[in-house]
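Chemist: For the protein sequence lines, the chains are A and B, in the order given.
In this text, residue positions in the first sequence follow my numbering: the first is 7, and each later residue adds one.
In this text, residue positions in the second sequence follow my numbering: the first is 122, and each later residue adds one.
Where is the CB? At the ideal position from N, CA and C, for every residue including glycine.
Bear in mind the structure is a predicted one, so any value in this text is a computation, not a measurement.
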Amino acid sequence: MLNLRLETFGMKILAAFRLCLLCLFIGYLGIGCKQSSKEKVFTHSSSLRIVATTGIVGDAVKNIVLNKAEVNVLMGPGVDPHLYKASQKDLELLSKADVIFYNGLHLEGKMAEVLEKLKKQKKIVAIAEAIPVNKLIKVGENENLYDPHVWMDVSLWKYAVIECARVLQSIDTSNAAFYKQNLDNYLQALDSLDAYIETEIAKIPSIPRVLITAHDAFSYFSRRYHIEVKSLQGISTVAEFGLRDITNLVDFIVARKIKAVFMESFIPERSIRAVIEGCKAKNHEVKLGGVLFTDALGAEGTPEGTYIGMLKANVKTITDGLR
Amino acid sequence: MLISGLWIIVTSSLLAISTGLLGCLLMLRRSAMLGDAISHSVLPGIVMAYLLTGQKSSIALFVGAIILGVGVSLMIEFIQKRFSVQNDAAIGLSFTFLFAVGVILISIFAQDIDLDQDCVIYGELAYIPLDLWTTPTGLNLGPRAFWILLALAIINISFVGLAYKELQVSIFDPLFAQATGLHPQVWHYVQVVLVSLTVVAAFEVVGAILVIAFLVTPAATAYLISHRLWSFLGLSCLWGITASIGGYLLAWWSGGTIAGAIALIAGIQFLIVLIISKIAKSKA
């Protein structure tokens, strides 16, 4: 039952009123602070304002525009695209952007639907969707669902980078030649990266050349660089792994004498630890090979903070662990 | 920026009205956590809709979510009435069961597909000003979320307005209501279905956290200082609206998540009102 907590209705109204005032007060404080910092944001008003969803997409764009435009990335280092939540700052970046680049192929989930609708108002490009469909790996039996982790295959990611450059050249015609030059340089760097990964992975003996991780982000990597991939989890980071998955995996590791298993930046250690313990029980020592980068770059300023550096770091971790 | 901020505040306030009214009714029936239960229970609906249609588009999955949202409410009612289990136990039992069914379905049939409610169904308050509703002729009618939540607010206000007397009697004296032929059961089931529809539709436009917070916190704050049903309902809506305004401004100032900031302000409001009402009570 509702009790009488305050004696009069008047006091109730008073309490409500005080709170409204408080809220407004906090709000005005907020507006005041905001306006003082606003001028700084607008210093680059003449150049192109570009927003990229993931760090990996942002890195592709940055390599094309270099210092000619401002590139803002929504999902910073270590952010799982599946769990990303937009903030007020992100909304400001999105609404002020001249062009927005995203991965596509359902990597961004619900956000992609919003971007899709926003296409009527501004230039928005899903760069991974520029890759020819016959080169993509299907997931499930259904039509039109593809694995979005295309950047794991450098030869496929080149299509995305080319698409980036094409769009930028068409929007910012005055810098088109500059972008073309940067694209050519970057594609060369990607070609040598592709060759580097291929030769490095090929050095691992073929029987234990198996990449075991918790989350299935390596199917393109596997196909391109001829390394078998086994994982505990499906594509989604939400579905839990089953007991039978672990037992099967343990038997597999023991049979193939695999030396290391790997983790990813934002998958809990627990799941892969269970596999290591299981192998130990069967007298097979398997070590934790280290952390692999999948959906997000490393911290800014470090070598892993770029796409090329991230893949190189992955290759080093894999070869060190398995050889 | 000002216009899009205004849209967010208005849309969030409309949500606050719907959930404020329903939250009061849920609290009086001791099922305040129904919103949280629904947010988890929609998972098997999403998975089954996906398995049946093979599509990841929102509409098919949304229908699946609605069916399960209504389903879980009815399931809770059934368990509670039929087996005389406590209400909170019935809620816990139903939603963990359904969530588990969803997880198992995913691990058996859709292992390699990214299917979870956060990803495919739940919206985000920050996207409201970007997700516009335009007519085929190109006329911009404003955010889609605004119209959905306006419709929900109108439906919920009409429901409470039409059934006010019935609700009052059936909540406070169910036996008397039965005796006077007011059919409290009928109104109750209408309410249950309405809660499910509102909650799932609101999840789709603003995300789960804000809806769950809005179903519980403003009503709890209002409960501290109300002694009449109408003032309880009114204050609950009011607290939701002030939290929307304050929360948006907080998010603007901090650059953080808007739904989080609104839920935080709603919680702070509760604390302040609690302290004020305690002081007033001790003086009395």
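With a threshold of 16 other CB atoms inside 10 Å of the CB of Leu306/A, please say whether the residue is buried or exposed.
Modeler: Numbered from its first residue, the first sequence carries residue 306/A at position 300. Looking at the sequence provided, one finds Glu at residue 306/A rather than Leu. Glu306/A comes out exposed.
Chemist: Exposed or buried, what is Tyr108/A when buried is set at 16 or more other beta-carbons lying within 10 Å of its beta-carbon?
Modeler: In the first sequence, counting from the first residue as 1, residue 108/A sits at position 102. Buried, since its Cβ has 16 or more Cβ neighbours within 10 Å.
Chemist: With 16 as the cutoff for other CB atoms within 10 Å, does Asn181/A come out buried or exposed?
Modeler: Looking up residue 181/A in the first sequence gives position 175. Result: buried.
Chemist: Do we get a CB-CB distance below 8 Å when we pair Gly144/B with the residues of chain A?
Modeler: The residue you call residue 144/B lines up with position 23 of the second sequence. Taking Cβ atoms only, chain A never reaches closer than 8 Å to Gly144/B, which makes this a no.
Chemist: Output yes or no for whether 8 Å exceeds the beta carbon distance between Glu135/A and Gly110/A.
Modeler: By 1-based counting over the first sequence, the position of residue 135/A is 129. By 1-based counting over the first sequence, the position of residue 110/A is 104. Yes; because the gap between Cβ atoms is below 8 Å, this pair is in contact.
Chemist: Tell me the DSSP bridge mates of Ile106/A?
Modeler: Here residue 106/A refers to the residue found at position 100 of the first sequence. Beta-bridge pairing links Ile106/A to Val57/A, Ile130/A.
Chemist: So Ser101/A contacts chain B; which residues on that side make the cut at Cβ distance below 9 Å?
Modeler: What you label residue 101/A is simply residue 95 of the first sequence in a count that begins at 1. Those are Met122, Ser125, Pro250, Leu251, listed as they occur along chain B.
Chemist: Quick check: the Cα distance between Ser242/A and Ala171/A, rounded to an integer number of angstroms?
Modeler: Along the first sequence, one-based indexing puts residue 242/A at 236. Along the first sequence, one-based indexing puts residue 171/A at 165. Bear in mind that the predicted position of Ser242/A carries a pLDDT of just 45, short of 50, making it unreliable; the figure below should be weighed with that in mind. For Ser242/A and Ala171/A, the distance between alpha carbons rounds to 31 Å.
Chemist: Between which two residues does the alpha helix (DSSP H) containing Lys322/A stretch?
Modeler: Residue 322/A sits at position 316 when you count from the first residue of the first sequence. Where Lys322/A is concerned, the enclosing alpha helix (DSSP H) stretches over 313-328.
Chemist: Is it true that the CB of Ile259/A sits closer than 8 Å to the CB of Val292/A?
Modeler: The residue given as residue 292/A occupies position 286 in the first sequence. The residue given as residue 259/A occupies position 253 in the first sequence. Result yes, Cβ atoms of Val292/A and Ile259/A sit closer than 8 Å.
Chemist: If you draw a straight line from the alpha carbon of Ser42/A to that of Trp374/B, how long is it in whole angstroms?
Modeler: For this step, residue 42/A is matched to residue 36 along the first sequence. For this step, residue 374/B is matched to residue 253 along the second sequence. Legend: pLDDT at Ser42/A = 40, less than 50; position of this residue unreliable, value from coordinates given subsequently. The alpha-carbon atoms of Ser42/A and Trp374/B are separated by roughly 11 Å.
Chemist: Check whether the Cβ of Lys337/A lies closer than 8 Å to any Cβ atom in chain B.
Modeler: Residue 337/A is absent from the structure shown; chain A starts at 7 and stops at 329.
Chemist: Would you list, in chain order, the members of the region 363-379 of chain B that have their beta-carbon closer than 9 Å to a beta-carbon of chain A?
Modeler: From the region 363-379 of chain B, only Thr363, Ala364, Ile366, Gly367, Gly368, Tyr369, Leu370, Leu371, Ala372, Trp373, Trp374, Ser375, Gly376, Gly377, Thr378, Ile379 have a Cβ closer than 9 Å to chain A.
Chemist: Let me know if Gln187/A comes out buried or exposed under the rule of 16 or more other beta-carbons within 10 Å of its beta-carbon.
Modeler: If you number the first sequence from 1, residue 187/A lands on position 181. So Gln187/A ends up on the exposed side.
Chemist: Can you list, in chain order, the residues of its chain with a C-beta nearer than 7 Å to that of Val131/B? Leave out the 5 residues immediately preceding and following it.
Modeler: On the second sequence, position 10 is the one that residue 131/B refers to. Once the five neighbours on either side are set aside, the close Cβ partners of Val131/B are Phe267.
Chemist: Quick check: what's the CA-CA separation for Tyr90/A versus Met117/A?
Modeler: Position 84 of the first sequence holds residue 90/A. Position 111 of the first sequence holds residue 117/A. If I take the Cα positions, the gap works out to 9 Å.
Chemist: Does the distance from the C-beta atom of Ile264/A to that of Val216/A stay below 8 Å?
Modeler: Stepping through the first sequence from its first residue, residue 264/A is reached at position 258. Stepping through the first sequence from its first residue, residue 216/A is reached at position 210. It is a contact, given that the beta carbons lie within the stated cut-off.
Chemist: Where Gly328/B and Ala92/A are concerned, what is the direct C-alpha to C-alpha distance, given to the nearest angstrom?
Modeler: Within the second sequence, the letter at position 207 stands for residue 328/B. Within the first sequence, the letter at position 86 stands for residue 92/A. If you take the alpha carbons of Gly328/B and Ala92/A, they lie about 11 Å apart.
Chemist: Check this for me: beta carbons of Val394/B and Leu345/B, under 8 Å apart or not?
Modeler: Working through the second sequence from its first residue, we reach residue 394/B at position 273. Working through the second sequence from its first residue, we reach residue 345/B at position 224. The answer is yes: Cβ separation under 8 Å.
Chemist: Would you please verify whether the beta carbon of Asp96/A is less than 8 Å from any beta carbon of chain B?
Modeler: Residue mapping note: residue 96/A aligns to position 90 of the first sequence, counting from 1. Output row for Asp96/A: interface = yes.
Chemist: Three-state secondary structure (DSSP) at Pro264/B?
Modeler: The residue labelled residue 264/B in the question sits at position 143 within the second sequence. Strand, per DSSP.
Chemist: Exposed or buried, what is Asn69/A when buried is set at 16 or more other beta-carbons lying within 10 Å of its beta-carbon?
Modeler: For the purposes of this step, residue 69/A is taken as the residue at position 63 of the first sequence. So Asn69/A counts as buried.
Chemist: Is the CB-CB distance between Leu317/A and Asp65/A below 8 Å?
Modeler: In the first sequence, residue 317/A corresponds to position 311, counting from 1. In the first sequence, residue 65/A corresponds to position 59, counting from 1. Against a cut-off of 8 Å, the Cβ pair of Asp65/A and Leu317/A comes out as no contact.
Chemist: For chain B, find out if any of its Cβ atoms is closer than 8 Å to the Cβ of Val105/A; answer yes or no.
Modeler: Along the first sequence, read from residue 1 onward, the residue named residue 105/A stands at position 99. It does not; no Cβ of chain B falls within 8 Å.
Chemist: Between which two residues does the beta strand (DSSP E) containing Gly76/A stretch?
Modeler: Residue 76/A sits at position 70 when you count from the first residue of the first sequence. Sequence inspection shows Glu at residue 76/A; the Gly mentioned does not correspond to that position. From DSSP, the beta strand (DSSP E) with Glu76/A extends over 76-81.
Chemist: Between Cys145/B, Glu198/B, Leu127/B, which lies nearest to Ile333/B when the distance is taken from Cα to Cα?
Modeler: Taking the first residue of the second sequence as position 1, residue 333/B is located at position 212. Among Cys145/B, Glu198/B, Leu127/B, the Cα nearest to that of Ile333/B belongs to Cys145/B.
Chemist: Are the C-beta atoms of Gln41/A and some chain B residue less than 8 Å apart?
Modeler: Counting from 1 along the first sequence, the entry for residue 41/A is found at position 35. Unreliable placement is indicated for Gln41/A, whose pLDDT of 42 sits below 50; the coordinate value is still reported in the next sentence. Taking Cβ atoms only, chain B never reaches closer than 8 Å to Gln41/A, which makes this a no.
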